[in-house]
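Residue numbers (this note's numbering): 25 to 119. Where a beta carbon is used, it is the ideal one built from N, C-alpha and C, also for glycine.
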């Protein structure tokens with residue numbers, strides 16, 4: 025399931041990147057003309073990357089929250105990563 029979500033994210037972001045380059049849309053996706061939004065989001069797989077990223081991050085946070093309350097789950101990657109990020113303020117701001 026995680027690999028499928030990762031593929032959806034990569035496919036969606038590459039689609040947005042290619043169409044932004046092809047039609048020379050601005051990088052921050054401000055509305056340049058009336059057809060920009062229709063051109064980019066015409067296909068249903070364009071916004072699916074953002075939804076998949078949200079699902080992936082929620083799974084990641086759920087694993088972390090379970091590891092906080094259960095010592096046996098503290099070997100999971102989500103717990104290790106978020107403990108590493110939370111060690112100091114600079115890392116937290118970067119991520």
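- Under the 10 Å beta carbon count, residue 88 is surrounded by 16 or more other beta carbons and is classified as buried.
- A distance of 8 Å or more separates the beta carbons of residue 36 and residue 92.
- Cβ atoms of residue 82 and residue 29 stay farther apart than 8 Å, at about 11 Å.
- For residue 102, the uninterrupted alpha helix (DSSP H) run begins and ends at 101–109, by DSSP.
- Of the residues assessed, residue 49 falls on the buried side of the cut-off, its CB having 16 or more other CB atoms within 10 angstroms.
- For residue 90, same chain residues with a beta-carbon under 6 Å away, outside a window of 5 residues either side, are 97 in chain order.
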